[in-house]
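First the structure, in the form of structure tokens, and then the observations on it.
Number of protein chains: 2
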Amino acid sequence: MFSPLIDELMAALRCLPSVGPKSAQRMAMQLLEHDRAGALKLADCLVRAVEGVERCQRCRTLTEQELCGVCSNTRRDNTLLCVVETPADVLAIEQAGSYQGKYFVLLGHLSPIDGIGPEDIGIDQLLMLLDQEPITEIILATNPTMEGEATAYYISEKAQRAGITVTRIAHGVPLGGELEYIDGGTLAHAFSSRRAIT
Amino acid sequence: MFSPLIDELMAALRCLPSVGPKSAQRMAMQLLEHDRAGALKLADCLVRAVEGVERCQRCRTLTEQELCGVCSNTRRDNTLLCVVETPADVLAIEQAGSYQGKYFVLLGHLSPIDGIGPEDIGIDQLLMLLDQEPITEIILATNPTMEGEATAYYISEKAQRAGITVTRIAHGVPLGGELEYIDGGTLAHAFSSRRAIT
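Top line first, the protein sequences correspond to chains A and B. Numbering follows UniProt numbering, in which position 184 of the first sequence is assigned residue number 184; successive positions increment by one, without gaps. Numbering follows UniProt numbering, in which position 45 of the second sequence is assigned residue number 45; successive positions increment by one, without gaps.
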């Protein structure tokens, strides 16, 4: 409606998650009217990130180095290995700031119906790590979905056979959550996983 | 935390309106994990739009041509001129689809406190248009804020002196709006601007 270039920019902005037509329009106007320098900087960062960012050789998270910041940090505890589904999960756990071990990123979960088997999510690479590194505990932090649970179960079987302790992060009512607003599935899980107070 | 390139990309994404740290993180992850082609396309559109898009010579909206689509459209009614504050306002009115006249974009509003006078918002150029074109009615669609009202008042004075009919778009309760949820200022205006039913 405006001009082909602006229409194209608005369409391109919609590749961003949760950006619909109205947001794309507002973004395009804001950039062209008030922040052309920011728009050019963003374009430059996008190109450099797409060209530079690959997978960490060891844990498969996103990084532009051969080894990511966590894997190359010698002060991290390399007897602990936390297994997650995505790089965003690593970021969330790092931001929580309490975990000091290392990671392995599956980049997905087992899903036979979509033809995603153990090799597709790097379980062979994970088992190799268990051989090569002094890992004593695997902490499974896959999502509490059917596929995430199946993936956790599959890995725990393999790791236990290798004599490694396997744990699963706790699921239940979030801290600060009010029981009234928690979904039924979570609440049922919180009851069935109740712990004795000692 | 992840890698300098990804951190830089997340920072650059925050030039977009209403994108905070969490959204920027989700956008960066989504692009790098699932839509690298979209990211490159977006970068390309940003650069081309920033380099190509300028102001329409006549109405001052954003366009990459000398005259925008509305100004160069000979089927539009050139006796009507709608005055708005921003190119986004033009887009909103065009999307409503009922207005068939032309536009003039002020790119702001009068604001003596910020040193913004008539020349800064192109009122001289607007007055020239009134001389050159067969305009019979100016429709003032500046925002119903103090500055927008002052700007509308200033333009109406000038235009009436040139013998042109000046109108202001109606303000009041939006269609589909429920009185219960309308702010007091709007409601008071709706009462003071009530119309006789004939």
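Glycine included, each C-beta is placed from N, C-alpha and C at the ideal position.
Subject >> Segment contact flag, the stretch 5-25 of chain A with the stretch 168-176 of chain A, C-beta cutoff 8 Å, min 3 pairs >> reply: no
**OP:** Using a Cβ cut-off of 7 Å (strictly closer), state whether cysteine 15/B contacts chain A.
**Re:** As a first step, residue 15/B is located in the second sequence; it is residue number 15 there, counting from the start. Yes, because at least one Cβ of chain A sits closer than 7 Å to the Cβ of cysteine 15/B.
**OP:** Please classify glutamate 85/A: does DSSP put it in a helix, a strand, or coil?
**Re:** Residue mapping note: residue 85/A aligns to position 85 of the first sequence, counting from 1. Coil, per DSSP.
Original post:
Assuming leucine 129/B contacts phenylalanine 104/B under a Cβ cut-off of 8 Å, what Cβ separation, rounded to an integer in Å, is found between them?
Top reply: Sequence index remark: in the second sequence, residue 129/B carries index 129 (1-based). Sequence index remark: in the second sequence, residue 104/B carries index 104 (1-based). Their Cβ separation, rounded to whole angstroms, is 6 Å, which keeps leucine 129/B and phenylalanine 104/B in contact under 8 Å.
Original post:
Mind pulling the chain B residues with CB within less than 7 Å of leucine 5/A?
Top reply: To locate residue 5/A, count along the first sequence from 1; it is residue 5. What leucine 5/A touches in chain B: Arg48, Ala49, Gly52, Val53 and Glu64.
Original post:
Would you call the CB atoms of threonine 63/B and serine 3/A closer than 7 Å?
Top reply: One-based indexing of the second sequence puts residue 63/B at position 63. One-based indexing of the first sequence puts residue 3/A at position 3. Going by C-beta atoms, threonine 63/B is nearer than 7 Å to serine 3/A.
Original post:
How many Å lie between alanine 49/A and cysteine 59/A at the Cα?
Top reply: Position 49 of the first sequence holds residue 49/A. Position 59 of the first sequence holds residue 59/A. Cα to Cα, the separation comes out at about 19 Å.
Original post:
Does the stretch 66-74 of chain A come close enough to the stretch 19-28 of chain A that 3 or more CB-CB pairs lie under 8 Å?
Top reply: no
Original post:
In chain A, which residues lie less than 7 Å from glycine 38/B when you measure between Cβ atoms?
Top reply: Translated into the one-based positions of the second sequence, residue 38/B becomes position 38. The answer, in chain order, is Cys15.
Original post:
Considering only the beta carbon of each residue, do leucine 81/A and isoleucine 135/A sit closer than 7 Å?
Top reply: Residue mapping note: residue 81/A aligns to position 81 of the first sequence, counting from 1. Residue mapping note: residue 135/A aligns to position 135 of the first sequence, counting from 1. Cβ atoms of leucine 81/A and isoleucine 135/A: closer than 7 Å.
Original post:
Excluding the five sequence neighbours on either side, which residues of its own chain have a C-beta within less than 7 Å of the C-beta of proline 144/A, listed in chain order?
Top reply: Counted from its first residue, the first sequence places residue 144/A at position 144. Cβ within range, chain order: His171.
**OP:** Have a look at Thr61/A, Val70/A, Glu54/A and Met146/A and flag the residue whose alpha-carbon is nearest the alpha-carbon of tyrosine 99/A.
**Re:** Translated into positions along the first sequence, residue 99/A becomes position 99. When each option's Cα is compared against that of tyrosine 99/A, the closest is Val70/A.
**OP:** Give the straight-line distance between the Cα atoms of glycine 101/B and valine 83/B, rounded to the nearest whole angstrom.
**Re:** For this step, residue 101/B is matched to residue 101 along the second sequence. For this step, residue 83/B is matched to residue 83 along the second sequence. Near 11 Å, if we compare the C-alpha coordinates of valine 83/B and glycine 101/B.
Subject >> chain A contact residues for glycine 20/B, given Cβ-Cβ distances below 9 Å >> reply: Along the second sequence, one-based indexing puts residue 20/B at 20. What glycine 20/B touches in chain A: nothing, since even the nearest Cβ is about 12 Å away.
**OP:** Answer yes or no: does any C-beta atom of chain A fall closer than 7 Å to that of leucine 127/B?
**Re:** By 1-based counting over the second sequence, the position of residue 127/B is 127. Judged by the 7 Å Cβ criterion, leucine 127/B is not in contact with chain A.
Original post:
leucine 9/B versus chain A: which residues are under 7 Å apart at the beta carbon?
Top reply: Counting from one through the second sequence, the residue named residue 9/B turns up at place 9. Ordered by position in chain A, the residues that pass the 7 Å Cβ test against leucine 9/B are Cys45, Leu46 and Ala49.
Original post:
Would you call the stretch 153-167 of chain A and the stretch 179-189 of chain A in contact, with 3 or more CB pairs under 8 Å?
Top reply: no
Original post:
Shortest alpha-carbon distance to leucine 5/A belongs to which of Gly52/B, Gly117/B, Val90/B and Pro118/B?
Top reply: Start at 1 with the first residue of the first sequence, and residue 5/A comes out as number 5. Out of Gly52/B, Gly117/B, Val90/B and Pro118/B, Gly52/B has the C-alpha closest to the C-alpha of leucine 5/A.
**OP:** Would you kindly report the start and end of the unbroken alpha helix (DSSP H) that includes isoleucine 135/A?
**Re:** Indexing the first sequence from 1 puts residue 135/A at position 135. Isoleucine 135/A -> no alpha helix (DSSP H), and no H or E assigned at all.
Original post:
On the premise that isoleucine 164/B lies in contact with isoleucine 138/B, defined as a C-beta separation below 8 Å, what is that separation, rounded to the nearest angstrom?
Top reply: For the purposes of this step, residue 138/B is taken as residue 138 along the second sequence, with counting starting at 1. For the purposes of this step, residue 164/B is taken as residue 164 along the second sequence, with counting starting at 1. The pair is a contact, with the Cβ atoms about 6 Å apart (cut-off 8 Å).
Subject >> Where tyrosine 103/B falls: helix, strand or coil (DSSP) >> reply: As a first step, residue 103/B must be located in the second sequence, where it is residue number 103. In the structure shown, tyrosine 103/B sits in a strand (DSSP, three-state: E or B).
Subject >> Minimum Cβ-Cβ distance from aspartate 89/B to chain A less than 7 Å >> reply: Within the second sequence, numbered from 1, the residue matching residue 89/B stands at position 89. Taking Cβ atoms only, chain A never reaches closer than 7 Å to aspartate 89/B, which makes this a no.
Original post:
Can you tell me whether isoleucine 113/B is buried or exposed, with buried defined as 16 or more other CB within 10 angstroms of its CB?
Top reply: Walking along the second sequence from the start, residue 113/B turns up at place 113. Exposed: under 16 other Cβ atoms inside 10 Å.
**OP:** Using the DSSP secondary-structure output, state which residues sit across from serine 98/A in a beta bridge.
**Re:** On the first sequence, position 98 is the one that residue 98/A refers to. DSSP output for serine 98/A lists no bridge partner at all.
Subject >> First through last residue of the beta strand (DSSP E) which encompasses valine 166/A >> reply: Here the question's residue 166/A lines up with position 166 in the first sequence. First-last of the beta strand (DSSP E) with valine 166/A: 165-168.
Subject >> Closest Cα partner of glutamate 149/A within the set His109/A, Gly117/A and Glu133/A >> reply: In the first sequence, counting from the first residue as 1, residue 149/A sits at position 149. Residue His109/A is the option with its Cα nearest to glutamate 149/A.
Original post:
Are the C-beta of lysine 102/B and some C-beta of chain A separated by less than 7 Å?
Top reply: In the second sequence, residue 102/B corresponds to position 102, counting from 1. It does not: the Cβ of lysine 102/B has no partner Cβ on chain A nearer than 7 Å.
**OP:** Identify every run of the beta strand (DSSP E) within the UniProt zinc finger region "C4-type" (56-71) of chain A, keeping only runs that are complete inside it and at least 3 residues long; order them along the chain.
**Re:** none
Original post:
So, using beta-carbon positions, are cysteine 15/A and leucine 42/B closer together than 7 Å?
Top reply: The count along the first sequence starts at 1 and reaches residue 15/A at position 15. The count along the second sequence starts at 1 and reaches residue 42/B at position 42. Yes, the Cβ-Cβ distance between cysteine 15/A and leucine 42/B is below 7 Å.
**OP:** Ignore the nearest five residues each way along the sequence and tell me which others in valine 166/B's own chain have a CB closer than 7 Å to its CB.
**Re:** Stepping through the second sequence from its first residue, residue 166/B is reached at position 166. Taken in chain order, the residues that qualify are Ile138, Leu140, Ser156, Ala159 and Gln160.
**OP:** Please work out which residues of its chain come closer than 7 Å, Cβ to Cβ, to cysteine 56/B, disregarding the five sequence neighbours upstream and downstream, and give them in chain order.
**Re:** As a working note, residue 56/B is residue 56 in the second sequence. Around cysteine 56/B: Thr63, Leu67, Cys68 and Cys71.
**OP:** Keeping to the same chain, check which residues put their C-beta closer than 8 Å to that of glutamate 94/A; ignore five residues upstream and five downstream.
**Re:** For this step, residue 94/A is matched to residue 94 along the first sequence. Here the set comprises Val70.
**OP:** Name the one or two DSSP bridge partners that serine 192/A has.
**Re:** Here residue 192/A is taken as the residue at index 192 of the first sequence, counted from 1. Serine 192/A pairs with nothing; no bridge assigned.
Subject >> Test: arginine 58/B CB closer than 7 Å to a CB of chain A >> reply: In the second sequence, counting from the first residue as 1, residue 58/B sits at position 58. Not one chain A Cβ lies under 7 Å of arginine 58/B.
Subject >> Nonlocal neighbours in the same chain, by C-beta distance under 6 Å from leucine 126/B, ignoring five residues either side >> reply: Here residue 126/B refers to the residue found at position 126 when the second sequence is read from its first residue. Counting only Cβ-Cβ distances below 6 Å, and skipping sequence neighbours, we find Phe104.
**OP:** Would you list the residues sitting across from leucine 80/B in a DSSP beta bridge?
**Re:** For the purposes of this step, residue 80/B is taken as residue 80 along the second sequence, with counting starting at 1. Glu137/B, per the DSSP bridge assignment.
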